[in-house]
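Those sequence lines, one after another, are chains H and Z. Under the UniProt record's numbering, the first residue of the first sequence carries the number 1, and numbering increases by one thereafter. Under the UniProt record's numbering, the first residue of the second sequence carries the number 1, and numbering increases by one thereafter.
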Amino acid sequence: MSKRIDVSDLNVYYGDFRAVEDVNITLDAKSVTAFIGPSGCGKSTFLRTLNRMHEVIPGARVEGKVLLDGDNLYADGVDPVTVRSQIGMVFQRPNPFPTMSIRDNVLAGVKLNSRRMPRSDADDLVEKSLRGANLWNEVKDRLEKPGSGLSGGQQQRLCIARAIAVSPDVILMDEPCSALDPISTLAIEDLINELKDEYTVVIVTHNMQQAARVSDKTAFFNIAGTGKPGKLIEFAETATIFNNPAEKSTEDYVSGRFG
Amino acid sequence: MATLITERKRSALTRGRLPRYTPWVIAASAVVVSAALLSLIGFNVFGWAVLSAVLFAAANVTAAAIVEGRRKATDKLASSLIYGAFLVALLPLVSVIWTVLLNGVPGLLTPGFLSTSMNGVTGAVDNAAVADGTPVLGGVYHALVGSVLITLWATIISVPVGLLTAIYLVEYSAGNKFSKVITFLVDVMTGIPSIVAGLFAAAFFALILGPGTKTGFVAAVALSVLMIPVVVRSSEEMLKIVPNELREAAYALGVRKWRTIVKVVIPTAISGIASGVTLAIARVIGETAPLLVTAGFATSINMNVFAGWMSSLPTFIYTQIMTPTSPSNSDPSTQRAWAAALLLILLVMLLNLGARLVARLFAPKTGR
């Protein structure tokens, strides 16, 4: 299952500070959307509002609408837990649970919610998720070993396996490759291409080649200056953004003439 | 053609350095010189050790200042001060352990010391033991049981209260006013004199159960007053160092907050929490004053913390020393007191070892 996200007039605040201003964007189902832009322009902040992770930070709040196939995430009475079980997230730094084995890490979404699952189903889910994250062959002989013993790239793929094990509709990735070497990055980019068949993928990246390689559409965010809110400058097909952008600042940024 | 370069005998890189054996030579000379100096005014071992150390430090620093320069001399001076401070700090510890071992071992090894109580042991019994030269009768079993039970109940009360408080402070309060008040009060509680905690418990139970209520449970309440702030503080620190990323990882999987705390945060911090709790137990197990006013003394075994007076190791030591069983022959009582003191130290030591074991057992596993 895969769902589309429509964002309208979204403002994000940290206390009184407006971090992101008036975003209107539509993220298509079964596609990869990349967010690019300079540091501090609000792309990660905006990404976190898409599964209500933003409000975990004290003082943070959101105004506006985020529709997941027409359902507003920020409507009254919406439980953020329900939202997050449908919109998974992979973080910048790999963060497997240190107290759990590789197997338990994959099953974390199920086990932590204490849903009962027969052993054989659990085994199938572990294999399916790890295969989905291109990690199965590397770890199938040591599923009971701690997840923190894996390399950084493997840990990140373990986190992706963990995210897809709860079968979300959307997967958000916040600079998933920024702590990884080129080979692990390639593995994860291949994986993103495969995930596209089943999930809506949104990825924040600082690496413009990566955005060009993996995404169908690209959104460029920018800020006018320190202390000003971040804005969505341009959103279009990735090829358009990189070859023929409408905005001058987008062209400056993607061609490296920024600032 | 590349020429082979052999290693030079006297390296240019070690110029202006004292040879490695210098400290040993200085130490040996300091020992000899201080022995000679002291023999002029009267020799004693303690003065010899102190004078040797001072001479050694002074000569070492001076030599470094002359040959190696100011930076090395400062380094040597600081090192001497730190090692000196370490030795001074160690002195009382070693002295206490040595004295207690020396005086406590005979009593501890007396048959029946660990398995009998003081029930029926009167002054006449002690007098007879001294007169006949037979082993001292009577033991510490009732006090050991009392100590263990009272501390156990104190732990049962303090750990949930303390841990839940820490969880509230770290996970739920988000630094609001209420949490600041709690933190302040916990800090105040840390500084409460133990006798005040004892009087609080005594007064509290006198109010609800009538005056003169002295049971093991009252003592446990008094001890938990002392224990709770320690548990709160240590658990709070441990919960704080759990990386936020783990909480966010769990939230992003659609896990509820309390399940995240129970299944992710606490397991990650459990080794630190467990050792903090054990150290808190070690701190209160040696308390005397609050037990004197809350549990009273007993000479017989009482397994029920909710009724009757109870003895404990610290109060046992206190009563044996202050009011010997036989006023004319206090030696048996003194021997029992030292043995009980040794037992208490061993108990605390075991608890500390246990804390380390627990910490290792629960620590997040690594390895490939």
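Heads up, the beta-carbon is just placed ideally off N, CA and C, and yes, glycines get one too.
Cβ-based burial, residue i [other Cβ within 10 Å; buried from 16]
| i | result |
| --- | --- |
| Ala295(Z) | buried |
| Glu7(Z) | exposed |
| Val105(Z) | exposed |
| Pro146(H) | buried |
| Tyr199(H) | buried |
| Phe178(Z) | exposed |
| Thr278(Z) | buried |
| Asn244(H) | exposed |
| Tyr253(H) | buried |
| Lys217(H) | buried |
| Lys214(Z) | buried |
| residue 370(Z) | The first residue shown for chain Z is 1 and the last is 368, placing residue 370(Z) beyond what the model contains. |
Cβ-Cβ distance between residue i and residue j below 9 Å
| i | j | result |
| --- | --- | --- |
| Thr226(H) | Gly59(H) | no |
| Thr325(Z) | Pro332(Z) | yes |
| Ser249(H) | Pro168(H) | no |
| Glu237(H) | Glu247(H) | no |
| Gly139(Z) | Leu342(Z) | no |
| Ile171(H) | Ile87(H) | yes |
| Glu171(Z) | Ile241(Z) | no |
| Val32(H) | Val139(H) | no |
| Phe43(Z) | Ala53(Z) | no |
| Ile270(Z) | Ile167(Z) | no |
6 Å CB neighbourhood of residue i in its chain, flanking five on each side removed
| i | result |
| --- | --- |
| Pro290(Z) | Ser194, Ala197, Gly198 and Ala222 |
| Gly259(H) | Only weak support is given to the placement of Gly259(H): the predicted model assigns it a pLDDT of 48, under 50, and the value that follows is read from those uncertain coordinates. Result list for Gly259(H): empty, nothing under 6 Å. |
| Ala219(Z) | Ile150, Leu291, Thr294 and Ala295 |
| Gly216(Z) | Leu149, Ile150, Ala295, Val305 and Met310 |
Boundaries (first-last residue) of the alpha helix (DSSP H) holding residue i
| i | result |
| --- | --- |
| Ala19(H) | First-last for Ala19(H): Phe17 to Leu27, but that is the beta strand (DSSP E), not the alpha helix (DSSP H). |
| Asp174(H) | Where Asp174(H) is concerned, there is no enclosing alpha helix (DSSP H), although the beta strand (DSSP E) it sits in stretches over Val170 to Asp174. |
| Lys111(H) | Ala108 to Leu112 |
| Thr165(Z) | Tyr141 to Ile167 |
| Ala236(H) | Here Ala236(H) belongs to no alpha helix (DSSP H); instead the beta strand (DSSP E) covers Gly230 to Glu237. |
| Ser82(Z) | Here residue 82(Z) turns out to be Ile, not Ser, going by the sequence shown. Looking at the DSSP string, the run of the alpha helix (DSSP H) that includes Ile82(Z) is Arg70 to Leu109. |
| Val202(H) | Element bounds for Val202(H): not the alpha helix (DSSP H) but the beta strand (DSSP E), Thr200 to Val204. |
| Tyr74(H) | It is not in any alpha helix (DSSP H) - Tyr74(H) carries neither H nor E in the DSSP assignment. |
| Ala359(Z) | Asp331 to Phe362 |
| Lys180(Z) | Lys177 to Thr190 |
| Tyr318(Z) | Leu313 to Met322 |
| Ala65(Z) | Val45 to Val67 |
| Gly152(H) | Gly152 to Ala165 |
| Thr278(Z) | Ile266 to Ile285 |
| Arg45(H) | The amino acid occupying residue 45(H) in the given sequence is Thr; Arg does not appear at that position. Run containing Thr45(H): Lys43 to Thr49, per the alpha helix (DSSP H) assignment. |
Enclosing beta strand (DSSP E) for residue i [first to last residue]
| i | result |
| --- | --- |
| Arg247(Z) | No beta strand (DSSP E) contains Arg247(Z), which is instead part of the alpha helix (DSSP H) from Asn244 to Ala252. |
| Tyr14(H) | Ile5 to Tyr14 |
| Thr250(H) | Element bounds for Thr250(H): not the beta strand (DSSP E) but the alpha helix (DSSP H), Lys248 to Val254. |
| Met89(H) | Ile87 to Val90 |
| Asn222(H) | Lys217 to Ile223 |
| Val32(H) | Val32 to Ile36 |
| Ala60(H) | Ala60 to Leu68 |
| Ile228(Z) | Segment Gly216 to Lys240 is the alpha helix (DSSP H) holding Ile228(Z); no beta strand (DSSP E) there. |
Distance between beta carbons of residue j and residue i, contact taken as under 8 Å
| i | j | result |
| --- | --- | --- |
| Asp181(H) | Phe91(H) | With a Cβ gap of about 18 Å, Asp181(H) and Phe91(H) do not count as contacting. |
| Leu253(Z) | Arg162(H) | 7 Å |
| Val358(Z) | Ala274(Z) | 4 Å |
| Ile5(H) | Leu68(H) | 6 Å |
| Val12(H) | Thr45(H) | 5 Å |
| Val106(H) | Ala165(H) | 5 Å |
| Lys76(Z) | Ala85(Z) | So it is not a contact: roughly 15 Å between Cβ atoms. |
| Trp136(H) | Glu127(H) | 6 Å |
| Glu280(Z) | Met227(Z) | For the record, residue 280(Z) in the displayed sequence is Ala; it is not Glu. Yes, they are in contact, since the Cβ atoms of Ala280(Z) and Met227(Z) sit about 5 Å apart, within 8 Å. |
| Val214(H) | Glu189(H) | 5 Å |
Contacts around residue i, its chain only, beta-carbon distance under 8 Å, and the 5 residues preceding and following it disregarded
| i | result |
| --- | --- |
| Val348(Z) | Ala282, Ile285 and Gly286 |
| Leu10(H) | Val20, Asp22, Val23, Asn24, Phe46, Thr49, Val62, Glu63, Gly64, Lys65 and Val66 |
| Ala298(Z) | His142, Gly146, Gly308, Trp309, Met310 and Ser311 |
| Asp121(H) | none |
Own chain residues within Cβ distance below 7 Å of residue i, not counting five before or after
| i | result |
| --- | --- |
| Gln155(H) | Pro94, Pro96 and Gly147 |
| Met100(H) | Ala108 and Gly147 |
| Pro243(Z) | none |
| Arg52(H) | Leu73, Pro80, Val83 and Arg84 |
| Thr62(Z) | none |
| Ser178(H) | Gln92 and His206 |
| Asp104(H) | Lys111 |
Proximity test, residue i beta-carbon vs the ligand SAH heavy atom, cut-off 8 Å
| i | result |
| --- | --- |
| Ala29(H) | Annotation note on the ligand SAH: not contained in the displayed structure, which lists no ligands. |
Per-residue contacts from residue i into chain B (C-beta, under 9 Å)
| i | result |
| --- | --- |
| Thr299(Z) | Considering every chain present, this structure includes no chain B. Its protein chains are H and Z. |
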